[in-house]
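This report refers to the structure that appears directly beneath it.
There are 2 protein chains.
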Amino acid sequence: MGDIPETHPRRDSLISRQKLVEAATKGMLADSALIAHGRGEAFDYLLGEKTCEAAKLAIAETASRLQKAKKCVISVNGNTVALAGTQLIVCAALLNCPIEVNIYYRTPKRMEVLLSTLKEQKQDASELFPKMKDEISRVKILGDNPDVRIPNLDGPRANCHSEGIFSADTILVPLEDGDRCEALIAMGKTVCVIDLNPLSRTAKTATITIVDELTRCVSILIELLMNGSDLQSTNWNNENNLQNVIQEILQNFN
Amino acid sequence: MGDIPETHPRRDSLISRQKLVEAATKGMLADSALIAHGRGEAFDYLLGEKTCEAAKLAIAETASRLQKAKKCVISVNGNTVALAGTQLIVCAALLNCPIEVNIYYRTPKRMEVLLSTLKEQKQDASELFPKMKDEISRVKILGDNPDVRIPNLDGPRANCHSEGIFSADTILVPLEDGDRCEALIAMGKTVCVIDLNPLSRTAKTATITIVDELTRCVSILIELLMNGSDLQSTNWNNENNLQNVIQEILQNFN
Numbered sequence: 001m002g003d004i005p006e007t008h009p010r011r012d013s014l015i016s017r018q019k020l021v022e023a024a025t026k027g028m029l030a031d032s033a034l035i036a037h038g039r040g041e042a043f044d045y046l047l048g049e050k051t052c053e054a055a056k057l058a059i060a061e062t063a064s065r066l067q068k069a070k071k072c073v074i075s076v077n078g079n080t081v082a083l084a085g086t087q088l089i090v091c092a093a094l095l096n097c098p099i100e101v102n103i104y105y106r107t108p109k110r111m112e113v114l115l116s117t118l119k120e121q122k123q124d125a126s127e128l129f130p131k132m133k134d135e136i137s138r139v140k141i142l143g144d145n146p147d148v149r150i151p152n153l154d155g156p157r158a159n160c161h162s163e164g165i166f167s168a169d170t171i172l173v174p175l176e177d178g179d180r181c182e183a184l185i186a187m188g189k190t191v192c193v194i195d196l197n198p199l200s201r202t203a204k205t206a207t208i209t210i211v212d213e214l215t216r217c218v219s220i221l222i223e224l225l226m227n228g229s230d231l232q233s234t235n236w237n238n239e240n241n242l243q244n245v246i247q248e249i250l251q252n253f254n
Numbered sequence: 255m256g257d258i259p260e261t262h263p264r265r266d267s268l269i270s271r272q273k274l275v276e277a278a279t280k281g282m283l284a285d286s287a288l289i290a291h292g293r294g295e296a297f298d299y300l301l302g303e304k305t306c307e308a309a310k311l312a313i314a315e316t317a318s319r320l321q322k323a324k325k326c327v328i329s330v331n332g333n334t335v336a337l338a339g340t341q342l343i344v345c346a347a348l349l350n351c352p353i354e355v356n357i358y359y360r361t362p363k364r365m366e367v368l369l370s371t372l373k374e375q376k377q378d379a380s381e382l383f384p385k386m387k388d389e390i391s392r393v394k395i396l397g398d399n400p401d402v403r404i405p406n407l408d409g410p411r412a413n414c415h416s417e418g419i420f421s422a423d424t425i426l427v428p429l430e431d432g433d434r435c436e437a438l439i440a441m442g443k444t445v446c447v448i449d450l451n452p453l454s455r456t457a458k459t460a461t462i463t464i465v466d467e468l469t470r471c472v473s474i475l476i477e478l479l480m481n482g483s484d485l486q487s488t489n490w491n492n493e494n495n496l497q498n499v500i501q502e503i504l505q506n507f508n
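Chains as they are written, first to last, in our numbering: chain H, 1 to 254; chain D, 255 to 508.
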């Protein structure tokens, strides 16, 4: 898609688009991944391509839950790795937790490309945050050798690692699908999702739903995790928060 | 993406998705075409994946303007050919007008695939509507040899045929981009667009904006053109119609 001018009003959105197109070329994505991204783009457009107030609260609550977890994990798919792999490795380093690749359309080739991309992104993360080099190097990347299944869930995305998703009490899942979100909740986990559609089944099912664009909210999350020794968990009402997001969207329509 | 069960509640949407993924494989689409489709999907989701009342009025108005035009043309891009090429050939046959391929990311390879797909779709259209075989066979497919440019528009999408887009007084353009829509309006044309985003620049600029999913509204358009000897053009207020669409979307949010 060529170079995007520094001054373009939709620069961030176009950069994300470019990253995904490149990821598709590398074989990192399922056939319909670009379409899914476009759906998200439309909702972000309705949010004015900025992090709304309700989302800021959800990000803070997520930071708090992740920090207080006994054992947490970050679950990633192809789109997530393409858009925010490096950022999420930094999160994992700050939380001292693993990252687990979990995808629906699982093929050996896609898994291989995703795992090798994450390894490269560990290098990128170390270069961006040289003071955290040791913590970053210790981040485990799981997904290549799942040894257990999420109960009550069909298909390859049920496969996971016992030392990762299966045993974690708290999970951060950007761009989750509805069925898996329900199955994780049924396991009693705290499920923090990032989903631009406030009406989706995932958004409605999760413990905490961040309705925001992935790279934008993860930047805020990193900042909170870095400075967040005083993070306090509140009485979280996810349904209310989603209603507040919807109100912000409705205002943008008028 | 495999077979889609007949009973799937989102069957039409998934079939469209599959058509586009196949078209991408054939080289018919620009890199970002699937993302653009996803954006549309999200707006269609907000419309409840059905043709709203305001859209029905816009389709009727479009049918009327096309029938009363001195000279009309249907402009198509890659996504349009993939999703509704056959249907639009039937429209062109009913209107006795040409179809012109006009794309932003113009390469000889893409043009070739699009033109040959449209030729195949002429066959498909004849099989679907055998009584219209002669009219369908007479539909001219333009785009291979543009001889003139749309004024005040940069890039390859300004290239068009003097016997097609350039000289038409009325143009039907599914999935149009904002700049080109403005340039066509500036030429004094009646521009009827199909755009799922009622807030887009295209939607706001066009003479008539049908806010509806492409294949769904073109089915209705075909029906009107077939039975529409009594179509009457009203005092069309596009801004009001868009406001009515937005009201229908807002109701779906609550």
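Virtual Cβ for every residue (Gly too), placed ideally from N, Cα, C.
Using the Cα positions of H:Ile-136 and H:Glu-100, report the straight-line distance between them to the nearest angstrom.
Counting from one through the first sequence, the residue named residue 136 of chain H turns up at place 136. Counting from one through the first sequence, the residue named residue 100 of chain H turns up at place 100. C-alpha separation (whole angstroms): 15 Å.
Which first and last residues belong to the alpha helix (DSSP H) in which H:Pro-108 is found?
Residue mapping note: residue 108 of chain H aligns to position 108 of the first sequence, counting from 1. Taken as a continuous stretch (DSSP letters only), the alpha helix (DSSP H) holding H:Pro-108 covers 108-128.
Could one say the Cβ of H:Gly-78 lies closer than 8 Å to chain D's Cβ atoms, at least one of them?
If you number the first sequence from 1, residue 78 of chain H lands on position 78. Output row for H:Gly-78: interface = no.
For the alpha helix (DSSP H) containing H:Cys-72, list its first residue and its last residue.
The count along the first sequence starts at 1 and reaches residue 72 of chain H at position 72. Counting along the chain, H:Cys-72 falls outside any alpha helix (DSSP H), though it belongs to the beta strand (DSSP E) covering 72-76.
Apart from the five residues on each side of it in sequence, which residues of its chain come closer than 6 Å, Cβ to Cβ, to D:Thr-488?
What you label residue 488 of chain D is simply residue 234 of the second sequence in a count that begins at 1. Closer than 6 Å at Cβ, skipping near neighbours: no residue.
Check D:Val-402 in the structure and name its three-state DSSP category.
Working through the second sequence from its first residue, we reach residue 402 of chain D at position 148. The answer is strand: DSSP assigns D:Val-402 an E or B state.
Could you give the distance in angstroms between the alpha-carbon of H:Leu-20 and the alpha-carbon of D:Ala-290?
Position 20 of the first sequence, counted from the start, is the residue given in the question as residue 20 of chain H. Position 36 of the second sequence, counted from the start, is the residue given in the question as residue 290 of chain D. The alpha-carbon atoms of H:Leu-20 and D:Ala-290 are separated by roughly 13 Å.
Ignore the nearest five residues each way along the sequence and tell me which others in D:Ser-473's own chain have a CB closer than 8 Å to its CB.
Here the question's residue 473 of chain D lines up with position 219 in the second sequence. Gln-341, listed in sequence order.
Which of helix, strand or coil does DSSP assign to H:Asn-197?
The residue labelled residue 197 of chain H in the question sits at position 197 within the first sequence. Note: H:Asn-197 maps to coil in three-state DSSP.
What are the boundary residues of the beta strand (DSSP E) that includes D:Val-275?
The sequence position of residue 275 of chain D within the second sequence is 21, counting from 1. Unbroken run through D:Val-275 is the alpha helix (DSSP H), 265-280; no beta strand (DSSP E).
Assuming contact is defined by CB atoms lying nearer than 8 Å, are D:Ala-422 and D:Lys-325 in contact in what I supplied?
As a position in the second sequence, residue 422 of chain D is number 168, starting the count at 1. As a position in the second sequence, residue 325 of chain D is number 71, starting the count at 1. Yes; because the gap between Cβ atoms is below 8 Å, this pair is in contact.
So what's D:Thr-488 in DSSP terms, helix, strand or just coil?
In the second sequence, residue 488 of chain D corresponds to position 234, counting from 1. Here D:Thr-488 sits in coil by DSSP.
Which value, in whole angstroms, describes the spacing of the CA atoms of H:Ala-183 and H:Asn-102?
Mapped onto the first sequence, residue 183 of chain H falls at position 183. Mapped onto the first sequence, residue 102 of chain H falls at position 102. Using only the alpha carbons, I get a separation of about 14 Å.
Cutting at 8 Å between CB atoms, please list the residues of its own chain near D:Arg-360, excluding the five before and the five after it.
For the purposes of this step, residue 360 of chain D is identified with residue 106 of the second sequence, where counting begins at 1. Counting only Cβ-Cβ distances below 8 Å, and skipping sequence neighbours, we find Pro-410, Arg-411 and Asn-413.
Check the C-beta distance from H:Ile-255 over to H:Glu-61 and give it rounded, since I have them as a contact under 8 Å.
Residue coverage of chain H in this structure runs from 1 to 254, which leaves residue 255 of chain H outside it and unanswerable.
Does the structure place the stretch 398-407 of chain D close enough to the stretch 376-390 of chain D that three or more beta carbon pairs sit under 8 Å?
No, because fewer than three Cβ pairs between the stretch 376-390 of chain D and the stretch 398-407 of chain D fall closer than 8 Å, the two stretches do not touch.
Name the one or two DSSP bridge partners that D:Ile-395 has.
Working through the second sequence from its first residue, we reach residue 395 of chain D at position 141. In DSSP, D:Ile-395 forms a bridge with D:Ile-353.
Beta-carbon separation of D:Arg-271 and H:Ser-32 under 8 Å?
Looking up residue 271 of chain D in the second sequence gives position 17. Looking up residue 32 of chain H in the first sequence gives position 32. Yes; because the gap between Cβ atoms is below 8 Å, this pair is in contact.
Please state if the CB of H:Leu-196 and the CB of H:Ala-63 are separated by a distance shorter than 8 Å.
In the first sequence, counting from the first residue as 1, residue 63 of chain H sits at position 63. In the first sequence, counting from the first residue as 1, residue 196 of chain H sits at position 196. No, the pair does not count as a contact, with Cβ atoms beyond the cut-off.
Against chain D, with Cβ distances strictly below 8 Å, would H:Arg-39 count as a contact?
If you number the first sequence from 1, residue 39 of chain H lands on position 39. Output row for H:Arg-39: interface = yes.
Taking buried to mean at least 16 other C-beta atoms within 10 Å of its own C-beta, is H:Asp-154 buried or exposed?
Walking along the first sequence from the start, residue 154 of chain H turns up at place 154. Classification for H:Asp-154: exposed.
With 7 Å as the limit, tell me which residues of the stretch 41-67 of chain H have their beta carbon closer than that to any beta carbon of chain D; keep them in chain order.
Correct list: Glu-41, Ala-42 and Phe-43.
Against chain D, does H:Asp-179 count as a neighbour if the rule is that its beta carbon must be under 8 Å from one of theirs?
For the purposes of this step, residue 179 of chain H is taken as the residue at position 179 of the first sequence. Answer no: the Cβ-Cβ gap between H:Asp-179 and chain D never drops below 8 Å.
Please go through the same chain and pick out, in chain order, the residues whose beta-carbon is closer than 7 Å to the beta-carbon of D:Pro-367, but skip the five residues on each side of it.
For this step, residue 367 of chain D is matched to residue 113 along the second sequence. According to the sequence displayed, residue 367 of chain D carries Val and not Pro. Excluding residues within five positions, the ones whose Cβ falls inside 7 Å are Lys-280, Gly-281 and Met-282.
Tell me where the alpha helix (DSSP H) around D:Ile-419 begins and ends.
The count along the second sequence starts at 1 and reaches residue 419 of chain D at position 165. It is not in any alpha helix (DSSP H) - D:Ile-419 carries neither H nor E in the DSSP assignment.
By alpha-carbon positions, which one of H:Ser-75, H:Asn-237, H:Ala-23 and H:Glu-248 ends up nearest to H:Cys-181?
Locating residue 181 of chain H in the first sequence gives position 181, counting from the first residue. Out of H:Ser-75, H:Asn-237, H:Ala-23 and H:Glu-248, H:Ser-75 has the C-alpha closest to the C-alpha of H:Cys-181.
By DSSP, does D:Cys-306 sit in helix, in strand, or in coil?
Taking the first residue of the second sequence as position 1, residue 306 of chain D is located at position 52. In the structure shown, D:Cys-306 sits in coil (DSSP, three-state: anything other than H, G, I, E or B).
Per DSSP, what kind of secondary structure is H:Val-191 in: helix, strand or coil?
The count along the first sequence starts at 1 and reaches residue 191 of chain H at position 191. The answer is strand: DSSP assigns H:Val-191 an E or B state.
Per DSSP, what kind of secondary structure is H:Thr-209 in: helix, strand or coil?
One-based indexing of the first sequence puts residue 209 of chain H at position 209. Three-state DSSP puts H:Thr-209 in a strand.
Could you please tell me which residues of the stretch 277-289 of chain D, in chain order, have their CB closer than 9 Å to any CB of chain H?
Of all residues in the stretch 277-289 of chain D, Ala-278, Thr-279, Ala-284, Asp-285, Ser-286, Ala-287, Leu-288 and Ile-289 have a Cβ within less than 9 Å of some Cβ in chain H.
Any idea what DSSP makes of D:Ile-425, helix, strand or coil?
Taking the first residue of the second sequence as 1, we reach residue 425 of chain D at position 171. Here D:Ile-425 sits in strand by DSSP.
Less than 8 Å between the C-beta atoms of D:Leu-320 and D:Leu-301, yes or no?
For the purposes of this step, residue 320 of chain D is identified with residue 66 of the second sequence, where counting begins at 1. For the purposes of this step, residue 301 of chain D is identified with residue 47 of the second sequence, where counting begins at 1. In this structure, D:Leu-301 does not lie closer than 8 Å to D:Leu-320 by Cβ.
Using 8 Å as the limit for Cβ to Cβ distance, is D:Phe-507 near chain H?
Position 253 of the second sequence, counted from the first residue, corresponds to residue 507 of chain D. Answer yes: the Cβ-Cβ gap between D:Phe-507 and chain H drops below 8 Å somewhere.
Drop a sphere of 10 angstroms on the beta-carbon of H:Glu-6, count the other beta-carbons inside from all chains shown, and report buried for 16 or more, exposed for fewer.
The residue you call residue 6 of chain H lines up with position 6 of the first sequence. It counts as exposed.
When the Cα atoms are used, what is the spatial distance from D:Lys-322 to D:Tyr-358?
The residue given as residue 322 of chain D occupies position 68 in the second sequence. The residue given as residue 358 of chain D occupies position 104 in the second sequence. Between D:Lys-322 and D:Tyr-358, the C-alpha separation is close to 29 Å.
Does any residue of chain D bring its CB to less than 8 Å from the CB of H:Leu-214?
Your numbering for residue 214 of chain H matches position 214 in the first sequence. Taking Cβ atoms only, chain D never reaches closer than 8 Å to H:Leu-214, which makes this a no.
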